[in-house]
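So the structure is just underneath, and the comments pick up after that.
In our numbering, the protein residues as written are 3 to 171.
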């Protein structure tokens, strides 16, 4: 057979394969998506746990500042006034305002006692050293057990509920 008599072969044109589709995703992308979702979830959980203890941390810091000032000036009247103000601020932050804002005298001390109920400080506000919170700020010369009162207030702060009852968040 001569080259002129050869029939061309029945070849087809070159066909390119279909472009790779982005869907369905490869397993590596699914793994990355799951990992990102887990990280976002852990971020929100960590933030919630941090905010949950924020009131207690701030109250501890304020209590330490009051204790430091007391060690310097040794003024029992000022200590009682500072602790009373701190406990009132914290109580307003973690309890419904209508329940706490109007409490004074024995009703206020009973509220504070409920915060440490079941501990060794039970009734220490209304019948013990905590009574100074309603009496000492208004007396000219008063002598109180400052260390014991600071311990009692620290126990009340530690007994705070984890999630504030009156919080909207």
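From the three backbone atoms N, C-alpha and C, an ideal C-beta is built for every residue, glycine too.
Straight-line Cα distance separating residue 26 from residue 20: 15 Å
Buried versus exposed, by CB contacts within 10 Å (16 or more), residue 138: buried
For residue 46, does the count of other Cβ atoms within 10 angstroms reach 16, so buried, or fall short, so exposed? It is exposed - the Cβ of residue 46 has fewer than 16 other Cβ atoms within 10 Å.
Whole-Å CB distance - residue 131 paired with residue 150, under 8 Å assumed: Taking the Cβ atoms as the reference, residue 131 lies roughly 5 Å from residue 150, within the contact range of under 8 Å.
Residue 71 versus residue 50 - alpha carbon distance: 33 Å
Can you tell me whether residue 9 sits near the ligand NAP, meaning its C-beta is under 7 Å from at least one heavy atom of the ligand? You won't find the ligand NAP in this model; it holds no ligand whatsoever.
State the Cα-Cα distance for the pair residue 53 and residue 60, rounded to the nearest angstrom. If I take the Cα positions, the gap works out to 11 Å.
So what does DSSP say about residue 29, is it helix, strand or coil? In the structure shown, residue 29 sits in a helix (DSSP, three-state: H, G or I).
Residue from 115, 148, 125 and 109 whose Cα sits closest to the Cα of residue 83: 148
Using three-state DSSP, classify residue 153 as helix, strand or coil. helix
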